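Chains as they are written, first to last, in my numbering: chain A, 1063 to 1304; chain B, 1063 to 1304; chain C, 1063 to 1304; chain D, 1063 to 1304; chain E, 1063 to 1304; chain F, 1063 to 1304. Backbone N, C-alpha and C fix where the C-beta goes; we use that ideal spot for every residue, glycine too. Please read all numbers here as calculations on a predicted model, not as lab measurements.
Protein chains: 6
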Amino acid sequence: MIKGKRLLVVSAHAADYVWRSGGTIAKYIQEGAEVCVVVLTFGVRGESNDLWKAPGATAESVKEVRKGETLAAAEILGVKNIEFWDYDDYPIVVDKALEERMVRKIREFAPDYIISHDRFDILNPDHNTVSDLVFRCSVMSNSNGVKMEGTKTTKQMQIFGFEPHQTELSHYVPGQFIDITPVYEKKVAAMKCFKAQSHLIEYYTQRAFMRGNHARRLSGCQDYKYAESFARTFPVVSTELL
Amino acid sequence: MIKGKRLLVVSAHAADYVWRSGGTIAKYIQEGAEVCVVVLTFGVRGESNDLWKAPGATAESVKEVRKGETLAAAEILGVKNIEFWDYDDYPIVVDKALEERMVRKIREFAPDYIISHDRFDILNPDHNTVSDLVFRCSVMSNSNGVKMEGTKTTKQMQIFGFEPHQTELSHYVPGQFIDITPVYEKKVAAMKCFKAQSHLIEYYTQRAFMRGNHARRLSGCQDYKYAESFARTFPVVSTELL
Amino acid sequence: MIKGKRLLVVSAHAADYVWRSGGTIAKYIQEGAEVCVVVLTFGVRGESNDLWKAPGATAESVKEVRKGETLAAAEILGVKNIEFWDYDDYPIVVDKALEERMVRKIREFAPDYIISHDRFDILNPDHNTVSDLVFRCSVMSNSNGVKMEGTKTTKQMQIFGFEPHQTELSHYVPGQFIDITPVYEKKVAAMKCFKAQSHLIEYYTQRAFMRGNHARRLSGCQDYKYAESFARTFPVVSTELL
Amino acid sequence: MIKGKRLLVVSAHAADYVWRSGGTIAKYIQEGAEVCVVVLTFGVRGESNDLWKAPGATAESVKEVRKGETLAAAEILGVKNIEFWDYDDYPIVVDKALEERMVRKIREFAPDYIISHDRFDILNPDHNTVSDLVFRCSVMSNSNGVKMEGTKTTKQMQIFGFEPHQTELSHYVPGQFIDITPVYEKKVAAMKCFKAQSHLIEYYTQRAFMRGNHARRLSGCQDYKYAESFARTFPVVSTELL
Amino acid sequence: MIKGKRLLVVSAHAADYVWRSGGTIAKYIQEGAEVCVVVLTFGVRGESNDLWKAPGATAESVKEVRKGETLAAAEILGVKNIEFWDYDDYPIVVDKALEERMVRKIREFAPDYIISHDRFDILNPDHNTVSDLVFRCSVMSNSNGVKMEGTKTTKQMQIFGFEPHQTELSHYVPGQFIDITPVYEKKVAAMKCFKAQSHLIEYYTQRAFMRGNHARRLSGCQDYKYAESFARTFPVVSTELL
Amino acid sequence: MIKGKRLLVVSAHAADYVWRSGGTIAKYIQEGAEVCVVVLTFGVRGESNDLWKAPGATAESVKEVRKGETLAAAEILGVKNIEFWDYDDYPIVVDKALEERMVRKIREFAPDYIISHDRFDILNPDHNTVSDLVFRCSVMSNSNGVKMEGTKTTKQMQIFGFEPHQTELSHYVPGQFIDITPVYEKKVAAMKCFKAQSHLIEYYTQRAFMRGNHARRLSGCQDYKYAESFARTFPVVSTELL
């Protein structure tokens, strides 16, 4: 049951969480989960190619547009709890402060699930950096010898990986399909907030259709029209076969 | 929910299903699932080393002992629906008749899940043969152009793979842990029916402890004392993260 | 240069070659290559689910529809040289006669390239059977000790693998992207001949868009709007970096 | 022949070397090898969960208990040469000083074999850090252009990797089994020094039984009752098949 | 110690065993091992390209040349125990009789080691067939329930795989290097018996040099000038680190 | 066509580019390409073992010899554009300045192809460091939000990986063979400039022969006598099958 579950999403750049998990986020919120989104960078250097083509674009102006777009998208998805940590990207450089902030965030939010970047993206080293960061911090968060004032040790949570842009070249294998049919319109609307990236809107709209096709084929369930997929870091652990 | 689910288990030799999935079977039966076990061979040639040491042992006498033991084990697990197809082992040779019988069995039983041997066992070619057989037959069973009198096309079912004896050398990766704590005693009792294989009883008893440790560690759930693990053929497809 | 090149396409079922390589075929024909398509089965049992839903459908009636559709598709693509070997599918059973016929076909056509099914399709054992058949026959065709009346030994040709339906689960990795922008309309029109499979038409239309996106991203060439991808069996061997 | 061989063991935390290689260490010492154990951290933050449950536990008190336990274990194993480098764990941060100290240690001890953490542990980033450190330092140690006062360049040594806790998820493959039957009691006694981790004592006791079973099965040698396994970094290089 | 060891070599075609293991064979014989070589086919169809270019070449004439060459090579290597089973190649077809003959051979010879083709050769399906055959037959040979008149069950032996022609494309990884420096001249002389394949003589002469370089680099032992490498099927199981 | 193409080669140590890509470089220059070679270090600590054996050798004297040798080699290959960045090796430490210099170099040279170290070299951590550096910098170079005065954003270029010394242990797979027959003598002459490394001259001379053999076998083209191979980072993207 989704109601009452806690889902933490960590996004390297401003739009990653929308393209890759917007449907799952919208669904979790709609069904009563607590969702927190951490956006590490606005993607000013690495993921704003079209915005830089505007005359007179500056890092600040690009950042403003990105922030406006992603806040609009978050609102459509129903996300109230979103944080912008405003690091530089391309490259994202991890230091001790970022590491500690992430451990603290995980402990304070105490997620049942974390969704972030999968281990390897052949085209985007920032995604790899964030994947590694989130994983290491989850381990520290779970260890009760890592003392951090005002925090409580977490229990091992499941960690899921976003689909990278080119999946096969990035050794990505879907381990979890989530039906997003009931919230599909919200995801499409949220993606449309990123006006300068129309090619990606079509790309990820089609991807939801493709993953829906896969989900139907693998489950025999004809109700799954649109889906998102994620890599699994850990196996399923449960009291029945899933 | 387990109640009402249909689970088909296909075992290359007489004891495979007990060592590798006895706990899951006992649990499914205890909680109201329908379970059918197909035993393809008695393992007379390949998995009865100790029985052949008995003076005057013959293929028939070995087969009788194996059959008695596995029926006793099945009874302890609560299995009422068990079939002995009585093929030769070492090697198991697949012919058209066996293929059709398996397709028919899958269609008639219409399982939600199949558990059988995983793709590769470095020490046992029969296991590989059966893995391949079961998979191919499931595909044919699911195709409505494969006409077979008196049968109905099945829907895609999930297929799980047994742990091979030496997992790492067989490229086995656990994709699903099942807590078997509530039925652990039944599994141990069932294993003890195979008197001539006492080393395996201890081996798989310890394995349940080890997988229980893994299940706790990966889930944070301290109730999981004993577990079985299976490989996944397909990803999880569901309406929530699992 | 495509002109004068010889391309052999081997398709397990009647439509495989259209979904997966229709654009490449159309392009090769349009630019003056010789293309031969071998269709091993009509896919009556395994890939005609919707046709079997027609009242009174029989193996013969299904076969007729499939043949008509694939001939219509071939005509749109410009394929004049197409052969129907009319084997049964689900499963395709390879015997010595089929093997020899394939070796003979390869020798007689003497292709520069073969396109057929890639090594592993997680959902379709027939595709794996054909992949293996084509590869083994190419090896025999290339060996001058394999005597076959009226044939000439071939030189080693490049062999490419179709995209399977679910690429990541089938360990498929694109090794060659082909721009099909100039013939995209032909491919779409050819796919539309398979009236009973409208979901696949949309699926593979979107796939051409997705692979076009990938091709642009990987090459920096903005002209590539639609593409097909193939697995490579062998590395590129050439006089310059490609 | 073990006598006279030199074995260096590098352990990320205070107990790693006991769980994973205690038997091999005891055997090497018993048969006349020189063994040196380097313990990089006491595992205060990452591997002392139970100790932190003691009322009034502090980093210092936890460290004292850990040090006492591991010294007791070392004594049972016969280890006289053990060094505590006392770095922080969770995370272990590698700097130039640590790197140089490790190169110097390798050169001064001049091991025939190094045992340390294997390349990837899915649950413990510190283990990965140490694996990488040891490997890089062995390369520098072997290069005669890396000048370091008072040291002599080493020859290429074999490097073995510990079993991680969850082997299959960590892509661990045993490449070397060592029979520890003659020293099994010592290993069990040494493990019992870690009083707060009784679940691990049972876990690694069973693992020795399991690896003994594997060793017998793979070698046909019935004398191997208990074993440890290690990953190989390099192939066997020898004058006969092993 | 090599003296007294029993080594069985199974070669798909007449020359495979010379190119890939001629040095190891010569060494084992020179140092007092028992070596038996089984040549399954003369390689008339698949590995005699140059012989077929002789005017008037027939299957019989090619076979005679191949037999003469391989006998000459065997004599140089010191092989007295060589059997020609004279199956057809390209393709080698395995039937029940061949399987039983191989099981019988393994039981009668009772090897400590088997060397044959490794699991996958990207360019030679016959090699894959033989690899699979030998492995399956070794399993049956080791099982005491597989009754075969006049034979004794074997113990598990180590199984090593030949280097395929193009190693990286065949996923070949060296797991065992054998120094062949003392018998290098014999190997070169034996290879020269295959007059029609002078390009392979140079190829495998250089390979011995390359593997010698690798063996030195990995072991620090400067005496290894020439080497052969093999894949390992199983890990090393021993009483010390190797 | 090679004429007019721009090729950037990044070499961790002074001789890497000659052993691994000297033929390709010579060919590209001979046929009218622009080639730029960046040598990051002189390999004083890691790749000058023999030079350090000279009496009185110092870091400066070793560096001078290395520089002289590599300049002589470059001249033979026809390289006019070569830069020595003179970093320390063993280990190469990447800092922000190096990263920015590399991005700038890529942007200023605007290569169609980059050749550098492949992802993993089991024996040389410096090679892995450089592989990672070059890849990350290429990504930044291609992103128009990464502002750097006086530079222009590049288009995605193809990136090729050198063969490591021991290919199979380094998971190296050839993805591109380049015929170097027309410039083979130049490569041999260039290698001979490294007088202290005569064993490598023979090693890489034989490698060119071996890769030539592979190239012929895979392409059927008998003109390829000597070749170099490279790993591909990305698939081929083109308008025809290659």
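Please check if any C-beta of chain B sits within less than 8 Å of the C-beta of Met-1272 of chain D.
As a working mapping, residue 1272 of chain D is identified with position 210 in the fourth sequence. Chain B contact via Cβ: present.
Members of the segment 1217-1243 of chain B near chain A, C-beta cut-off 7 Å
Lys-1217, Gln-1218, Gln-1220, Phe-1222, Pro-1236, Gly-1237, Gln-1238, Phe-1239, Ile-1240 and Asp-1241
Which residues bound the beta strand (DSSP E) around His-1276 of chain C?
As a first step, residue 1276 of chain C is located in the third sequence; it is residue number 214 there, counting from the start. Premise fails: His-1276 of chain C lies in the alpha helix (DSSP H), 1260-1281, not in any beta strand (DSSP E).
Look up Asn-1206 of chain B in the DSSP assignment and say whether it is helix, strand or coil.
Within the second sequence, numbered from 1, the residue matching residue 1206 of chain B stands at position 144. Reduced to three states, the DSSP call for Asn-1206 of chain B is coil.
Along the segment 1133-1156 of chain E, where does the CB come closer than 8 Å to a CB of chain C? Name the residues.
Tyr-1152 and Pro-1153
Hey, is His-1276 of chain C's beta-carbon within less than 8 Å of any beta-carbon in chain A?
Translated into positions along the third sequence, residue 1276 of chain C becomes position 214. Taking Cβ atoms only, chain A reaches closer than 8 Å to His-1276 of chain C, which makes this a yes.
How would you call Glu-1137 of chain B, buried or exposed, if buried means at least 16 neighbouring beta carbons within 10 angstroms?
Mapped onto the second sequence, residue 1137 of chain B falls at position 75. It counts as exposed.
Taking the CB atoms as reference points, tell me whether Asn-1111 of chain B and Gly-1207 of chain E lie closer together than 8 Å.
If you number the second sequence from 1, residue 1111 of chain B lands on position 49. If you number the fifth sequence from 1, residue 1207 of chain E lands on position 145. A contact, by the Cβ cut-off of 8 Å.
Tell me which residues of the segment 1244-1264 of chain D have at least one Cβ-Cβ distance to chain B shorter than 8 Å, keeping chain order.
His-1261 and Glu-1264
Rounded to a whole number of angstroms, what is the C-alpha to C-alpha distance between Val-1298 of chain A and Ile-1221 of chain A?
For the purposes of this step, residue 1298 of chain A is identified with residue 236 of the first sequence, where counting begins at 1. For the purposes of this step, residue 1221 of chain A is identified with residue 159 of the first sequence, where counting begins at 1. Taking the straight line from one Cα to the other gives about 11 Å.
Compute the Euclidean distance between the alpha carbons of Tyr-1149 of chain F and Asn-1190 of chain F, then round it to the nearest angstrom.
On the sixth sequence, position 87 is the one that residue 1149 of chain F refers to. On the sixth sequence, position 128 is the one that residue 1190 of chain F refers to. If I take the Cα positions, the gap works out to 16 Å.
Using a Cβ-Cβ cut-off of 8 Å, state whether Arg-1128 of chain D counts as contacting chain A.
For the purposes of this step, residue 1128 of chain D is identified with residue 66 of the fourth sequence, where counting begins at 1. No, because no Cβ of chain A sits closer than 8 Å to the Cβ of Arg-1128 of chain D.
Using the Cβ count rule (16 or more neighbours within 10 Å means buried), how would you classify Met-1063 of chain E?
Here residue 1063 of chain E refers to the residue found at position 1 of the fifth sequence. Looking at its Cβ environment, which holds fewer than 16 other Cβ atoms inside 10 Å, Met-1063 of chain E is exposed.
Between the CA atoms of Tyr-1234 of chain A and Gln-1334 of chain D - distance to the nearest angstrom
Here chain D has residues from 1063 to 1304 only, and residue 1334 of chain D is not among them.
Beta-bridge partners of Gly-1306 of chain A, as assigned by DSSP
As shown, chain A starts at 1063 and ends at 1304. That puts residue 1306 of chain A outside it, with no answer to give.
Report the CB separation of Leu-1160 of chain B from Ile-1091 of chain B in whole angstroms; it is logged as a contact under 8 Å.
The sequence position of residue 1160 of chain B within the second sequence is 98, counting from 1. The sequence position of residue 1091 of chain B within the second sequence is 29, counting from 1. 27 Å between Cβ atoms; not a contact.
Of all the CB atoms in chain D, is at least one closer than 8 Å to the CB of Gln-1268 of chain B?
Locating residue 1268 of chain B in the second sequence gives position 206, counting from the first residue. Yes, because at least one Cβ of chain D sits closer than 8 Å to the Cβ of Gln-1268 of chain B.
Within 7 Å: the Cβ of Leu-1133 of chain B and any heavy atom of the ligand NAD?
With respect to the ligand NAD, the structure shown offers nothing to examine, as it has no ligands at all.
Range covered by the alpha helix (DSSP H) that runs through Thr-1132 of chain D
On the fourth sequence, position 70 is the one that residue 1132 of chain D refers to. Thr-1132 of chain D -> alpha helix (DSSP H) spans 1121-1139.
For Arg-1279 of chain F, go through chain C and note every residue whose CB falls closer than 8 Å to its CB, in chain order.
For this step, residue 1279 of chain F is matched to residue 217 along the sixth sequence. What Arg-1279 of chain F touches in chain C: Gln-1218.
Exposed or buried, which one is Asp-1285 of chain F when buried takes at least 16 other CB atoms within 10 Å?
Residue 1285 of chain F sits at position 223 when you count from the first residue of the sixth sequence. By the neighbour-count rule (16 or more Cβ atoms within 10 Å), Asp-1285 of chain F is not buried but exposed.
Considering only the beta carbon of each residue, do Ile-1263 of chain A and Lys-1254 of chain A sit closer than 8 Å?
The residue given as residue 1263 of chain A occupies position 201 in the first sequence. The residue given as residue 1254 of chain A occupies position 192 in the first sequence. Yes, the Cβ-Cβ distance between Ile-1263 of chain A and Lys-1254 of chain A is below 8 Å.
Using a C-beta cutoff of 8 Å, does Pro-1117 of chain B count as contacting chain E?
Within the second sequence, the letter at position 55 stands for residue 1117 of chain B. No, Pro-1117 of chain B lies away from the interface with chain E (no Cβ there is under 8 Å from its Cβ).
Helix, strand or coil, according to DSSP, for Ala-1068 of chain F in the structure here?
Residue mapping note: residue 1068 of chain F aligns to position 6 of the sixth sequence, counting from 1. As written in the sequence, residue 1068 of chain F is Arg, which differs from the Ala given in the question. Strand.
Mind checking whether Val-1192 of chain B and Ala-1088 of chain B have CB atoms under 8 Å apart?
As a first step, residue 1192 of chain B must be located in the second sequence, where it is residue number 130. As a first step, residue 1088 of chain B must be located in the second sequence, where it is residue number 26. Cβ distance not < 8 Å, so Val-1192 of chain B and Ala-1088 of chain B don't count as in contact.
Closest residue to Gly-1282 of chain E among D:Ser-1260, D:Met-1272 and D:Ser-1205 (Cα-Cα distance)
Here the question's residue 1282 of chain E lines up with position 220 in the fifth sequence. Gly-1282 of chain E has its Cα closest to that of D:Ser-1205, out of D:Ser-1260, D:Met-1272 and D:Ser-1205.
Would you kindly check if the distance between the Cβ of Ser-1203 of chain A and the Cβ of Val-1165 of chain A is under 8 Å?
By one-based count along the first sequence, residue 1165 of chain A stands at place 103. By one-based count along the first sequence, residue 1203 of chain A stands at place 141. Contact: yes.
With 16 as the cutoff for other CB atoms within 10 Å, does Ser-1260 of chain A come out buried or exposed?
Sequence index remark: in the first sequence, residue 1260 of chain A carries index 198 (1-based). Its Cβ having fewer than 16 others within 10 Å, Ser-1260 of chain A is exposed.
Can you list, in chain order, the residues of its chain with a C-beta nearer than 7 Å to that of Ser-1083 of chain A? Leave out the 5 residues immediately preceding and following it.
Here residue 1083 of chain A corresponds to residue number 21 of the first sequence, with the count starting at 1. If we look at Ser-1083 of chain A and ignore the five residues flanking it on each side, its Cβ neighbours are Val-1071, Ile-1177, Phe-1224 and Glu-1290.
Between which two residues does the alpha helix (DSSP H) holding Leu-1160 of chain D run?
Reading the fourth sequence from its first residue, position 98 is the one you call residue 1160 of chain D. That run of the alpha helix (DSSP H) goes 1158-1171.
List the endpoints of the continuous beta strand (DSSP E) containing Tyr-1149 of chain B.
To locate residue 1149 of chain B, count along the second sequence from 1; it is residue 87. Per DSSP, Tyr-1149 of chain B belongs to the beta strand (DSSP E) from 1143-1149.
One or two residues paired with Ser-1300 of chain A in a DSSP bridge:
As a position in the first sequence, residue 1300 of chain A is number 238, starting the count at 1. Ser-1300 of chain A is bridged to B:Ile-1240.
Do you know how far the Cα of Tyr-1265 of chain E is from the Cα of Asn-1016 of chain F?
Since the displayed chain F opens at 1063 and closes at 1304, residue 1016 of chain F lies outside it and no answer follows.
Chain A within 8 Å of Ser-1200 of chain B, Cβ atoms only:
Locating residue 1200 of chain B in the second sequence gives position 138, where the first residue counts as 1. By this cut-off, Ser-1200 of chain B is not an interface position.
Kindly indicate the opening and closing residues of the alpha helix (DSSP H) around Val-1250 of chain A.
The sequence position of residue 1250 of chain A within the first sequence is 188, counting from 1. Here the alpha helix (DSSP H) through Val-1250 of chain A covers 1246-1253.
Please report the straight-line C-alpha distance between Ala-1252 of chain B and Thr-1086 of chain B, rounded to a whole angstrom.
On the second sequence, position 190 is the one that residue 1252 of chain B refers to. On the second sequence, position 24 is the one that residue 1086 of chain B refers to. Approximately 13 Å between the Cα atoms of the pair.
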